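Before any comments, here is the structure.
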Amino acid sequence: MLRDAWLITRKDLRIEVRSRIALNQIAPFALLMLILFAFALDPDSGVLDRATPGLYWVAVLFSALLAIQRAFALESSDGNRDALRLSGLDPAGIYLGKVLSIATQLALLEVLLGTGVVLLYGSHGGNWLLVIATCVAATAGIAAAGTLYGVLAAGLRVRETLLPLLLLPVLAPVLIGSTRAFEAARSDTIDQGWPWVGLLAVFAVAYMVFGMFGFGPLLEES
Amino acid sequence: MDTPNTKSEVESVGTGSRATRILGVATIMGLALAAYMALVSSPQDENMGDVVRILYIHVPIVTMAYVGCGLTSLGSVMYLWKKSQWWDITAAASAEVAMVFTALTLVIGMIWGRPTWGVWWVWDARLTSTAMLLLLLLGYLAVRRLQADAATRSKRSAIVGLLLFPNVIIVNRSVTWWRSIHQGTTILNTLKPKIHDQMAVTLVVAMVVVAMLFVWLVIHRWRLTWIETQLDAHELDLAIAERRAEATGPAETAP
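Going down the list, the sequences are from chains B and X. The working numbering numbers the first residue of the first sequence as 78 and each following residue consecutively. The working numbering numbers the first residue of the second sequence as 1097 and each following residue consecutively.
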């Protein structure tokens, strides 16, 4: 299973490295959001800096939608989905592979967005250990839930409109948890951040387990 | 082409039966009784005054909304396990009714909130998680409406439906936790110690009546879906028979 997962991850990441869709389209979109937030909220009033944790994670979620759709658009052309089904790879392995490749792309995107908010908003990160732990747990959760709902919506004519409706309410706890943890990391009460990281980790593990079982049947139906 | 066969079949199969008619009449009478008890015979609340009367309809409706949501998840699990259409339709019917009840909860809650808090909406944990429940249900119903053959649609919606209840719990917990940092007690905690006997009786009656209404609506929605699937199958049979008749020769299909 893990070997299958690694195979899928390598395949997807290799396609991303060669096609550069993530680099040329999704990353600029994420940066564009940071600039739009500054237009919407007056950068001189200090609102932007105070709202940074929330804005950062909203930007991550919206970019994640694009990355997830992209991960399944890869499989939609030239009957790739049928090939994937016939490949004899373990569906749980395919799922984990997709999760890992989406998580890797999201992690890179988070580094980029993090640099963006530090440079553009003049924000400071706070406690680095908490920030990194939050990022790891939240990214795993977004990728785990996103891959499951992504395969559900993949192959449908309405996928672009259906995925946000299905996925964003489900990811609301991730947004709450990661934003609070970031706020705690920036404040003096760092201890209050760790329970939120725990929530994010539980979310990620729960979805990962469910995804490993649910992915196979969904892949067959899509 | 008009098919008298189909028409008569649809006319003969309604969504009601003797049992549901009795249940329906009992529900209407129960609603009248609950309305009388809630609006006339029960006392005012010391703090809230007449506004408390909204809670007699609000609490039962939100309870049944969550029950409907649980029933959808149960139906989805049972469908995945038994592969029976019965459970699939149960999940679909209860989700639709739960969606209506959730929307009603929000509307009634906002009407209650305006005189109580002075605003239509506050970011209270209950309100926020109920709004999230509505969105989750809308997502589920969107999946149900996707064009696909019956088995695909059932399996797809069963997986989304299965996740519905766990998601509601996770969202509810995280929202409660989120708000608990900012505000202490919620409404029900302040209400509980002062509940009057007559108020409790009224609330119980309203609970039972709204539960009856929920059951009545789900049964009818269930039967409607069932008739629709039967009609689809029947029309398919007719179309096949028609193609066969065409193949055997033009003489037989001429008017």
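From the three backbone atoms N, C-alpha and C, an ideal C-beta is built for every residue, glycine too. Please read these numbers as outputs of a predicted model, since none were measured by experiment.
Leaving aside the five residues that flank Thr216/B on each side, the residues in its chain whose CB is nearer than 6 Å to its CB run, in chain order, Ala180, Leu183 and Ala184.
When Ala1246/X, Trp1273/X and Ile1124/X are compared, the shortest CA-CA separation from Ala1329/X is found for Ala1246/X. Chain-ordered, the chain B residues with CB closer than 8 Å to the CB of Met1228/X read Pro246 and Ala249. At least one beta carbon of chain X lies nearer than 8 Å to the beta carbon of Val235/B.
By the 16-neighbour rule on beta-carbons within 10 angstroms, Asp121/B is exposed.
Along the segment 1204–1219 of chain X, there is no position whose C-beta sits under 7 Å from a C-beta of chain B. In the DSSP annotation of this structure, Pro120/B is not part of any alpha helix (DSSP H), being labelled neither H nor E.
In the DSSP annotation of this structure, the continuous segment of the alpha helix (DSSP H) that includes His1316/X starts and ends at Asp1293 to Thr1344. Of the other Cβ atoms in all chains shown, 16 or more fall within 10 Å of the Cβ of Leu295/B; this residue is therefore buried. Taking Pro1156/X as the centre and dropping the five residues before and after it, the same chain places the C-beta of Leu1299, Ala1302, Met1303, Val1305, Val1306 and Ala1307 closer than 8 Å to its C-beta, in chain order.
Within the model, the alpha-carbon separation for Leu243/B versus Pro1139/X is close to 44 Å. The alpha-carbon separation between Ala214/B and Ala278/B amounts to approximately 5 Å. Following the DSSP letters along the chain, one finds Gly170/B inside the alpha helix (DSSP H) bounded by residues Pro168 to Tyr198. When CB distances to chain X are screened at a threshold of 8 Å, not a single residue of the segment 107–124 of chain B falls below it. Not flagged as an interface residue toward chain B: Val1304/X, since no C-beta distance is shorter than 8 Å. Leaving aside the five residues that flank Leu143/B on each side, the residues in its chain whose CB is nearer than 8 Å to its CB run, in chain order, Gln102, Ile103 and Phe106. Between Thr1198/X and Leu1233/X a beta carbon distance of about 6 Å is seen, short of the 8 Å cut, so the two are scored as contacting.
At a cut-off of 8 Å between C-beta atoms, Ile253/B counts as an interface residue with respect to chain X.
With a beta-carbon spacing of about 3 Å, Ala1187/X and Gly1171/X fall inside the 8 Å limit used to define contacts. Trp1219/X sits away from Arg1269/X, with the two beta carbons spaced by 8 Å or more. In summary, Ser200/B is buried, with 16 or more beta-carbon neighbours lying within 10 Å of its beta-carbon over all protein chains present. A distance below 8 Å separates the beta carbons of Gly293/B and Pro168/B. For Met1195/X, the enclosing alpha helix (DSSP H) covers residues Gln1181 to Trp1213.
The shortest CA-to-CA distance from Phe149/B to any of Ser178/B, Val135/B and Ala128/B is the one to Ser178/B. Against chain X, a Cβ distance below 9 Å from Phe280/B picks out Ile1266 and Ser1270. A direct Cα-to-Cα measurement between Leu239/B and Gly1235/X gives close to 8 Å. Judged by DSSP in its simplified three-state form, Asp1141/X adopts strand. Shown here, Arg1241/X sits in coil according to DSSP, grouped into three states, outside any helix or strand. In the structure shown, His201/B adopts coil according to DSSP, grouped into three states. When DSSP states are grouped into helix, strand and coil, Thr1111/X belongs to the coil group. A straight-line Cα-Cα distance of about 9 Å links Leu173/B and Asp81/B. Across the structure, Ser1180/X and Gln1243/X are spaced so that their CA atoms are roughly 20 Å apart. Rounded to whole angstroms, the Cβ separation of Val1121/X and Thr1226/X is 31 Å, and the two are not in contact under 8 Å.
Val1158/X has a beta carbon lying at 8 Å or more from every beta carbon in chain B. Where Ala144/B is concerned, the enclosing alpha helix (DSSP H) starts and stops at Thr129 to Ser153.
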